[in-house]
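If you use numbering that gives the first Met the number 0, the sequence shown closes out at 135, no skipped numbers anywhere.
One structure is given below, encoded as structure tokens.
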Amino acid sequence: MMSDMKVKIDDCYFYPDVLVDCSDLADDSVFTETPTIIVEVLSKSTRQIERVIKREKYLQIPTLQEYILIEQGIAEIEVVCRSQNWQSHFYYLGDHITLNSIGLSISVEDIYDRVKNEDVVTWLEKKALAEQNVSN
């Protein structure tokens, strides 16, 4: 898993927030043309670029299996998978995401572990209250 590597698509280069490349890259590679997973963390200033411009380019990559968009301000994750014809699936706190291309299952809660936006704080409070009620 890398975060400082460029993705080359035609004559364009992009810096995704995180990428997974399952090919045999040289240790000194500065770019890849064969990512398996690309993750972008959305902000107000980048949301349109990530959802439209980069998405259009990324989905042209033959090796790409999953494109993941993670919201910062709310707890929402969009996953689009090649195996599902790039149909969007949205995940929220309490859900688990399975990335079949690398055999990983992870909870949305784990992804937002160190994020303290309003959604996360409210969800954690409700979860703690529910756990307290169960133990009483």
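We treat Cβ as the ideally placed atom computed from N, Cα and C, and that holds for glycine.
Treat the numbers as computed from the prediction; the structure is a model and nothing was measured.
Taking the CB atoms as reference points, tell me whether residue i and residue j lie closer together than 9 angstroms.
| i | j | result |
| --- | --- | --- |
| I36 | V19 | yes |
| C21 | S104 | no |
| H95 | S82 | no |
Going along the chain, which residues of its own chain have a beta-carbon closer than 8 angstroms to the beta-carbon of residue i, five neighbours each way excluded?
| i | result |
| --- | --- |
| S87 | E77, V78, V79 |
| R113 | none |
In the DSSP output, which residue or residues are listed as bridge partners for residue i?
| i | result |
| --- | --- |
| K126 | DSSP, once it has assigned bridges, lists no residue as partnering K126. |
| H11 | Sequence inspection shows Cys at residue 11; the His mentioned does not correspond to that position. Paired residues: I8. |
Identify, in the order they occur along the chain, each residue of the same chain with its Cβ nearer than 7 angstroms to the Cβ of residue i, setting aside the five sequence neighbours on each side.
| i | result |
| --- | --- |
| K53 | F13, E39 |
| W85 | L58, V79 |
| D3 | none |
Would you mind reading off the limits of the alpha helix (DSSP H) that contains residue i?
| i | result |
| --- | --- |
| V107 | 107-110 |
| K56 | 54-57 |
Please list the terminal residues of the continuous beta strand (DSSP E) segment that includes residue i.
| i | result |
| --- | --- |
| E77 | 76-80 |
| Y90 | 87-90 |
Cutting at 6 angstroms between CB atoms, please list the residues of its own chain near residue i, excluding the five before and the five after it.
| i | result |
| --- | --- |
| Y111 | A74, V119 |
Taking 9 angstroms as the threshold (beta carbon to beta carbon), is residue i in contact with chain D?
| i | result |
| --- | --- |
| E32 | Here there is only one protein chain, and chain D is not present. |
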